[in-house]
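Counting from 105, one number per residue, gives the positions in the sequence shown under our numbering.
Down below is the structure, laid out as structure tokens.
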Amino acid sequence: MTQREYEELRRRFPRFCGCDTCRGDVLVYALNRLSPHYVSTHQGEVLTELSLTSDQERAKLDVVLLEGLSKVGLAPRCGAKPVQLV
Ligand SMILES: [Zn+2]
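Take a look at the structure:
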């Protein structure tokens with residue numbers, strides 16, 4: 105779920121690097137800020153086990169993903185050129 109949301113959001117920011125490193129950083133950033141309620145206890149399956157049951161939860165995910173994209177875009181660990189997204 106998170107990864108699909110990420111792909112949808114990323115399409116709106118073509119200047120964002122989006123390599124595996126940056127993608128992972130954004131997803132981890134978002135997951136760390138979501139309530140533990142959403143995160144599976146099964147280690148390693150965290151990224152696919154999110155369940156969003158309401159528009160409110162979905163909106164919250166969009167917000168944290170956008171924050172993650174913005175922060176990672178400003179300082180990509182992969183060495184890509186920093187970009188101001190928002
Ligand atoms: Zn990158």
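Note that CB positions come from ideal geometry on N, CA and C, so glycine has one too.
- Contact belief for residue 159 with residue 113 at Cβ below 8 Å, rounded distance in angstroms: Their Cβ separation, rounded to whole angstroms, is 16 Å, which puts residue 159 and residue 113 out of contact at 8 Å.
- Heavy atom of ligand 1 within 7 Å of residue 184 beta-carbon: Judged by the Cβ position, residue 184 qualifies as a neighbour of ligand 1 at the 7 Å threshold, a heavy atom of the ligand being closer than this.
- Determine the burial state of residue 127: buried for a count of at least 16 other Cβ atoms within 10 Å of its Cβ, exposed for fewer. The residue in question, residue 127, is buried, as its Cβ has 16 or more Cβ neighbours within 10 Å.
- Message: Just checking residue 106 against ligand 1 - is the residue's beta carbon closer than 7 Å to any of the ligand's heavy atoms?
- Response: The beta carbon of residue 106 sits no closer than 7 Å to any heavy atom of ligand 1.
- Message: If contacts are defined as beta-carbon pairs under 8 Å, then residue 173 and residue 120 qualify, I think. What distance do you get, rounded to the angstrom?
- Response: Contact between residue 173 and residue 120 holds, since their C-beta atoms are separated by about 6 Å, short of 8 Å.
- Query: Short check: CB of residue 130 to CB of residue 110, under 8 Å?
  - Reply: A distance below 8 Å separates the beta carbons of residue 130 and residue 110.
- Query: Exposed or buried, what is residue 122 when buried is set at 16 or more other beta-carbons lying within 10 Å of its beta-carbon?
  - Reply: That one is buried.
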